[in-house]
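These notes concern the structure reproduced below.
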Amino acid sequence: VTDRDAGVDVYGAYAGPTLATRVGDVSVNAAYRLGYVAVDDDSLAGAANDFDNSVSHSASASVGMAPGRLPVGWTVGGGYVRDEAGRFDNRLEAGYVRADVVVPVSPTLALTAGVGYEDIEASQADFVRDGTGAPVIGPGGS
């Protein structure tokens, strides 16, 4: 149906360090991830097509304590994500903080509650359009 090449190469990696330790009765956790995805699709008559290239960063951290020393357990955590992708300048940036409490009710049942805040911002460049407002399809469109 189309003149697209049958082959598309996709390359990707998502890696980073993780920390999980204890300081006395307190659990301390942290992680960072760097991600990269590239798509090699030369279907546009030899034009480079980086539509799906993406770089992302993700970081998170938390501290908390299980019930025992205190009558309740608790956790406080936060995180950050940033992603930039492709030809349309897609961008996502988000951050959050959260606090949770665990209340044991019996040896096999606990109630949990949490509260938090999250801020998300996303944007994308508009398509290239012709004089009628229709998107331009092909190597000249972005």
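Residues in the sequence shown are numbered consecutively from 5, following our numbering. Each residue gets a CB set at the ideal place from its N, CA and C atoms; glycine is no exception.
Residue i: first and last residue of the uninterrupted beta strand (DSSP E) it sits in
{"i": "residue 94", "result": "94-110"}
{"i": "residue 25", "result": "22-27"}
{"i": "residue 124", "result": "113-127"}
{"i": "residue 35", "result": "30-44"}
{"i": "residue 90", "result": "Here residue 90 belongs to no beta strand (DSSP E), and DSSP marks it neither H nor E."}
Beta-carbon proximity of residue i to residue j, cut-off 8 Å
{"i": "residue 118", "j": "residue 103", "result": "yes"}
{"i": "residue 83", "j": "residue 31", "result": "no"}
{"i": "residue 85", "j": "residue 106", "result": "no"}
{"i": "residue 148", "j": "residue 40", "result": "The shown model of the chain, from 5 to 146, leaves out residue 148, and the question about it has no answer."}
{"i": "residue 33", "j": "residue 66", "result": "yes"}
{"i": "residue 120", "j": "residue 101", "result": "yes"}
Assigned secondary structure, residue i (DSSP; H/G/I helix, E/B strand, else coil)
{"i": "residue 73", "result": "coil"}
{"i": "residue 82", "result": "strand"}
{"i": "residue 137", "result": "coil"}
{"i": "residue 132", "result": "coil"}
{"i": "residue 14", "result": "strand"}
{"i": "residue 19", "result": "strand"}
Cβ neighbour criterion (16 or more within 10 Å) applied to residue i
{"i": "residue 135", "result": "exposed"}
{"i": "residue 137", "result": "exposed"}
8 Å Cβ cutoff, residue i in contact with chain C
{"i": "residue 113", "result": "Of the chains in the structure shown, none is chain C; there is only one protein chain."}
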